[in-house]
Every structure is written in C-alpha cells, then in structure tokens.
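Q:
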Amino acid sequence: MSAIVMNNVVKTYPNGTAAVKGINLTIEPGSFTVILGPSGAGKSTLLRMMNGLETPTSGTVTVHNVPLTRNTLRKVRRGIGMVFQQFNLVGRLNVMTNVLTGRLAYRSWLGSMLHLFRKEDFDIAHEALARVDLSDKAWIRADQLSGGQQQRVGIARALAQKPRIILADEPVASLDPLTSAEVLDLLKAICKTDNIAVVANLHQVEYTRQYADRIIGISGGKIIFDGPPAALTDDVIEALYRRPEIATEKTDVTQATLAYA
Amino acid sequence: MLPKLRWPTPDGLPPKALWMTLGGVLLLLALSTPLVEFNLLFLISKLDDLFMFIVRMFEKPPPLDYLPQLAEKMLETLEMALIATVLAAIISLPMGVLAARNATPHPWIGQITRDLLSFFRALPELVWALVFVSAIGLGPLPGILAIAVVSIGFMAKFFAESIEVVDTGPVEGVRATGAGWFQVRYFAMLPQALPDFVGTLLYVLDHNIRAATVLGIVGAGGIGFDLINSIRYFEFERLIVILLAIYLAVTLVDRLSDALRNRVIHGGGYRHGS
Numbered sequence: 146m147s148a149i150v151m152n153n154v155v156k157t158y159p160n161g162t163a164a165v166k167g168i169n170l171t172i173e174p175g176s177f178t179v180i181l182g183p184s185g186a187g188k189s190t191l192l193r194m195m196n197g198l199e200t201p202t203s204g205t206v207t208v209h210n211v212p213l214t215r216n217t218l219r220k221v222r223r224g225i226g227m228v229f230q231q232f233n234l235v236g237r238l239n240v241m242t243n244v245l246t247g248r249l250a251y252r253s254w255l256g257s258m259l260h261l262f263r264k265e266d267f268d269i270a271h272e273a274l275a276r277v278d279l280s281d282k283a284w285i286r287a288d289q290l291s292g293g294q295q296q297r298v299g300i301a302r303a304l305a306q307k308p309r310i311i312l313a314d315e316p317v318a319s320l321d322p323l324t325s326a327e328v329l330d331l332l333k334a335i336c337k338t339d340n341i342a343v344v345a346n347l348h349q350v351e352y353t354r355q356y357a358d359r360i361i362g363i364s365g366g367k368i369i370f371d372g373p374p375a376a377l378t379d380d381v382i383e384a385l386y387r388r389p390e391i392a393t394e395k396t397d398v399t400q401a402t403l404a405y406a
Numbered sequence: 018m019l020p021k022l023r024w025p026t027p028d029g030l031p032p033k034a035l036w037m038t039l040g041g042v043l044l045l046l047a048l049s050t051p052l053v054e055f056n057l058l059f060l061i062s063k064l065d066d067l068f069m070f071i072v073r074m075f076e077k078p079p080p081l082d083y084l085p086q087l088a089e090k091m092l093e094t095l096e097m098a099l100i101a102t103v104l105a106a107i108i109s110l111p112m113g114v115l116a117a118r119n120a121t122p123h124p125w126i127g128q129i130t131r132d133l134l135s136f137f138r139a140l141p142e143l144v145w146a147l148v149f150v151s152a153i154g155l156g157p158l159p160g161i162l163a164i165a166v167v168s169i170g171f172m173a174k175f176f177a178e179s180i181e182v183v184d185t186g187p188v189e190g191v192r193a194t195g196a197g198w199f200q201v202r203y204f205a206m207l208p209q210a211l212p213d214f215v216g217t218l219l220y221v222l223d224h225n226i227r228a229a230t231v232l233g234i235v236g237a238g239g240i241g242f243d244l245i246n247s248i249r250y251f252e253f254e255r256l257i258v259i260l261l262a263i264y265l266a267v268t269l270v271d272r273l274s275d276a277l278r279n280r281v282i283h284g285g286g287y288r289h290g291s
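Same order as they appear, the protein sequences are chains H and F.
Per our numbering: the first sequence = residues 146 to 406.
Per our numbering: the second sequence = residues 18 to 291.
(1) Going by the beta-carbon positions, is the gap between residue 112 of chain F and residue 130 of chain F smaller than 9 angstroms?
(2) Given that residue 106 of chain F touches chain H, what residues does it touch there, using C-beta distances under 7 angstroms?
(3) So with CB distances below 7 angstroms, who are the chain H contacts of residue 190 of chain F?
(4) How would you write the range of the beta strand (DSSP E) that residue 335 of chain H sits in, first residue to last?
(5) Could you name the residues of chain H that residue 208 of chain F contacts, counting a contact when the two beta carbons are closer than 7 angstroms?
(6) At what residues does the alpha helix (DSSP H) containing residue 55 of chain F begin and finish?
(7) Evaluate contact between the region 226–240 of chain F and the region 286–294 of chain H, counting only Cβ atoms and requiring at least three cross-stretch pairs below 8 angstroms.
(8) If we define contact as Cβ-Cβ less than 9 angstroms, is residue 242 of chain H a contact residue for chain F?
(9) Could you work out which residues of chain H lie near residue 204 of chain F, taking near to mean beta carbons separated by less than 8 angstroms?
(10) If you scan the region 65–138 of chain F from start to end, which runs of the alpha helix (DSSP H) of 4 or more residues do you find wholly inside it?
(11) Is the shortest distance between the beta-carbon of residue 292 of chain H and the beta-carbons of chain F less than 9 angstroms?
(12) For residue 306 of chain H, return the contacting residues in chain F, with the cut-off set at a CB-CB distance below 8 angstroms.
(13) Name the chain F residues whose beta carbon is nearer than 8 angstroms to that of residue 220 of chain H?
(14) If you follow the alpha helix (DSSP H) that residue 297 of chain H is in, where does it begin and where does it stop?
(15) Where residue 186 of chain H and residue 364 of chain H are concerned, what is the direct C-alpha to C-alpha distance, given to the nearest angstrom?
(16) Just the chain F side, please: which residues come within less than 7 angstroms of residue 320 of chain H by C-beta, in chain order?
(17) By the DSSP assignment, the alpha helix (DSSP H) with residue 146 of chain H in it spans what residues?
(18) So, under 8 angstroms CB-CB, residue 203 of chain H and residue 153 of chain H are touching, yes? Tell me the CB distance rounded to an integer number of Å.
(19) Helix, strand or coil for residue 172 of chain H? Go by DSSP, reduced to three states.
(20) To be precise: take each residue of the region 169–203 of chain H, compare its Cβ to all Cβ atoms of chain F, and keep it if any distance is under 7 angstroms. Which residues remain?
(21) What are the uninterrupted segments assigned as beta strand (DSSP E) that are 3 or more residues long and contained completely in the region 174–233 of chain H, given in chain order?
(22) Taking only beta-carbon atoms, is residue 211 of chain F less than 9 angstroms away from chain H?
(23) To the nearest angstrom, report how far apart residue 24 of chain F and residue 54 of chain F are at their CA atoms.
(24) Would you verify that the beta carbon of residue 285 of chain F is, or is not, closer than 9 angstroms to some beta carbon of chain H?
(25) Measure the Cβ-Cβ separation of residue 114 of chain F and residue 176 of chain F and say whether it is below 9 angstroms.
(26) Determine, using beta-carbon pairs with one atom in the region 114–128 of chain F and one in the region 94–105 of chain F, whether at least three such pairs fall under 8 angstroms.
(27) I want to verify the contact list: residues of chain H whose CB lies under 8 angstroms from the CB of residue 199 of chain F, in sequence order.
(28) Using CA coordinates, which residue listed in F/259, F/265, F/264 and F/279 is at the minimum distance from residue 85 of chain F?
(29) Does any CB atom of chain H fall closer than 9 angstroms to the CB of residue 187 of chain F?
(30) Quick check on residue 145 of chain F: buried or exposed, where buried means 16 or more other Cβ atoms within 10 Å of its Cβ?
(31) So with Cβ pairs under 9 angstroms, would you call residue 354 of chain H a contact of chain F?
(32) Counting only the same chain and skipping the five closest in sequence on each side, list residues whose C-beta sits under 6 angstroms from that of residue 232 of chain F.
(33) Can you tell me which of F/170, F/190 and F/207 puts its alpha carbon nearest to the alpha carbon of residue 182 of chain F?
(34) Could you give the first and the last residue of the continuous alpha helix (DSSP H) run that contains residue 144 of chain F?
(35) Anything in chain F within Cβ reach of residue 223 of chain H, meaning under 8 angstroms, just list it in chain order.
(36) Check the Cβ-Cβ distances between residue 303 of chain H and every residue of chain F, and say whether any is below 9 angstroms.
Take a look at the structure:
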C-alpha cells in the first residue's frame, strides 16, 4: 500500500495562477523523498495538497488508500505530521502544550476546553521531546527558544501525532547550515527507525543529494525529474533552475543590489 | 527671493490640504455656533453666576452624617460596574469568536453577530438603563444589565478584532495536526489574542465605573440617584462630596488597572505550567 497517491492533480488559484499543472505521484512508505525546485515552482502547493491544506482544483489525493475529502480530512491529517519553514508554533504557549497539540485530533473538544490532557498523551509528548533532545525545555514558552530548537519542537509536535507520514515544507530555509544539518539528520533518522515516509521540500541541491532516497524535480508546476540522487546530473539541475523568461530580470536585481551596496 | 523660513515642501509653503482643512473647520464652526446658541459674550456675562454656584458648594461644612450612605452607594456603584463587566466578558468571548472573520463558523453568522453588536453599542448606557428600568423596575439590576449590554457591544467587537489579526502560521500548524474547529480556535488563536483581551477588559471596566455613576439618575442604582437629588434640592455641600468621591474612585481604579495591564502585557502573562 502506497503512503500517498496523487492522480492528475491540478491547482489553479482564484487569481489565475496555475501552481500545479497535472501531477501524478506515488510516495512509498518509509522513503525519504525530496521535492526539489526553484522558488515558485509549485513545491509548496504540491506538498500542502497532500494533507488538504490546499484543495486540488481537479484530480485526487489518496493517503493510505483513503481518498482525501471533506469527510476524511481530519482523520487523514491526524496520521500526517507537518513541519513548516516558520515552525508555526504557538509562541505564547509552553513547549509541552505545543507538543500536546499533536494529540488534539485524538481527543474530544470538551476535554481540550479545560486544557486537560491524559497521562498517556503526556507520556507520548515527553517521549517526542526526548527524541528531539529538548526534555529540559518542556515548560519554557515556545517563543523563547532559538530557531533550531523551535524547529525541533515542531518535529516533536509531528511525532506526537504518531504519524505514518511527515511532510516538511522548507524545514531548514530559516536556519543556519549547522542547525539545518541537525534538523535534516533528525528527520532522516525518524524516517529510517520509525519507517515513517518523509516528504520534504528543499531548494538546496547539496542537502537534497545528501539526504534524499528519491528526488522529484519540479519546475513550472510539472515534474521534470524523478529518480535517485545518483541520477541527478548537472544537466538536470540546470534544466530545473533555468528560467529564461526572467533571466534579464535577474541581472537587473544583481545590478540593483550592487548599486545599493 | 526665498524667505529664510520654509515649510519642508517643494514651494516652501504650507501644504494646501492642511490650510484648506483648517479653513473648512473654522467655517463650519462659524456656521454652527448660532444653531447651538453658543455665545461667548453670554458665557462671560454668566461668569458671576457660575462663580456663585461654586461658592455655594463650599458655603456649608461638608455633611459628615452623609458619609456612611455615600460609602454604601459608592460601593454599590463599583459592584455594579464589576458584575456587569464580568458578565459581559463571559458572553463577549464566544461572541467575539463568532464575529471574527477568520474564526466564525459561517460568514453569515459573523455578519449577523457584528450587526447585533453594533446595535448593542448604538445606544448609550443611560438609554439602555431607561429601557431596563421600564421593563423590570428600579434598582441596581437594570443598571447592571444596561452596562453589560453596551460592554458586550464593545468588548466582543474588540475581541473579534484581536482574533482577526492573529498570526496565521500557528493556526495552520495546529490545523495540520488534524485538530478540530474548536480546538484550532482554542489552542492557536486565543493564546495569541489573550494579551489584547486583558487590555480591553481593563479598559471596559474603567469605562463602566464612570458609566455606573450616572445610571442612578434614571433610577438604575448607584451613586447617581444621590447626585441628581443633591442638585434638585440645592444641597450643594453634598454634591461636592459626591463629586469628590467619584473622582477618587475613578482615579483609584484607573491606577490599579494600569498597574495590572502593565504586568499582564509586559510581564509575560499567559505562562501556564511555569
């Protein structure tokens, strides 16, 4: 059983922007897949359609044999952890509460109204925090942590869901190189030891080569490469990042930057 | 030749928009003063009457035997404001969620809630007090209801506005876990809006104490009843004591809420678990 199956998925935004133009894609369980491509290629839209944060204009998304619809949305999301570029933690809540929000989907709204969680939920949250090596920060406000620590809390929140899939939307774009490697190592380790399928959007070719089992190259809303890191040649990379229509604009930007400097 | 002093504009003159607006306001004032019979000469001719009025307030010694009743009425006034504020806050929280464009269950429900709230705000407390006094009789209860209705109108509106400006990132983060409608609002939106809520609540409490002091005029409890009677029966020595008491109470609460607001907003506030 495939983790995610996307069938002829198209996404056109109300303003007319065609972000994704007909993509067929199958993600296997336990694999580390990187979606690589330049900014504006449609990576983010593609990833966000996998857990229903965006609804496809046409085509279907199936997660572990369950088609993603209005009725199955919450149940599907429950089994998919998500890690964001801006971490998306609730800054005013402490780390523990942020991790516990990963358990909300398993609990009724009535209990959560009193901010009460079960002991088993705390056990799961503690375990997740230990996994990302942040047990000592459990009672600190999330916005007091550094970027790398916040991203690890984000991963702990995803782990608390007991997911079978983790989606990571540019997880290291806001982090320095050392922290980036830590976060990617962590995601890779989770993928391999827990057999959780990880799908990550990246724009850095180096990280992609280093961590991916499989690379999907996206440009202009279409898949233009799908294969293992070994097959990612310089020609492919050039094709991915070549955008002739804005090449002139790019030199303008450089000149403007120089003039400013 | 250019003069030495210039405005920071290309031609060195005041901007047209500025002097046009000033001119317009002055013209409007000149046209409207006869309408409301505002006459400076008349006011000056009445200055000695105004002076006599103030003298009469201090003619007799302050009525010490009135002080116990004053204390009781002031306490009633403060209690009215406090109860009305708490009552309004409890109702405003869910109404604020319903009214906020990013939290409402349906755009129509949001619109209806906002319209209802603007109706609550449309009439001042005194008018609502008249309505409730006619409906359920004299006493502090209609006063409390009147204050609460207006407070809901303002508080829920401000709550909704605080919710509308919360950061969408955390909301998406919690939504992506599969959390439900209520859980997303409760765990991602409310914590972000909470400091604003506290600020609004204290401001409304402040305002309500002032409002509670006048509602007695229409028989809706509090110090206002004694206030209007002192004027009616020319007991000006009592009037000055009442005015002084109101001033002290309002200032005291103002200081208290300032201190509290500072602690909540700058002191970390919502830090449960630590």
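Yeah, the Cβ is synthetic: ideal placement off N, Cα and C, and Gly gets one too.
None of the values given here were measured: they were computed from a predicted structure.
A: Taking the definition as stated:
(1) yes
(2) Ordered by position in chain H, no residue passes the 7 angstroms Cβ test against residue 106 of chain F, which lies about 17 angstroms from the chain.
(3) 229, 233 and 234
(4) Premise fails: residue 335 of chain H lies in the alpha helix (DSSP H), 322–339, not in any beta strand (DSSP E).
(5) 235, 237 and 238
(6) No alpha helix (DSSP H) holds residue 55 of chain F; DSSP gives it neither H nor E.
(7) no
(8) yes
(9) 235, 238, 242, 246, 249 and 257
(10) 84–116
(11) no
(12) 194 and 195
(13) 195
(14) 292–305
(15) 5 angstroms
(16) The premise fails here: residue 320 of chain H is roughly 16 angstroms from chain F at the closest Cβ pair, so nothing lies under 7 angstroms.
(17) No alpha helix (DSSP H) contains residue 146 of chain H, which DSSP labels as neither H nor E.
(18) 7 angstroms
(19) strand
(20) 196 and 198
(21) 177–181, 203–208 and 225–228
(22) yes
(23) 38 angstroms
(24) Residue placement at residue 285 of chain F is poorly supported in this model, since its pLDDT is 49, which falls under 50; the coordinates still yield a value, given next. Answer yes: the Cβ-Cβ gap between residue 285 of chain F and chain H drops below 9 angstroms somewhere.
(25) yes
(26) no
(27) 254, 257 and 258
(28) F/259
(29) yes
(30) buried
(31) no
(32) 146, 160, 239 and 241
(33) F/207
(34) 142–153
(35) 194 and 195
(36) yes
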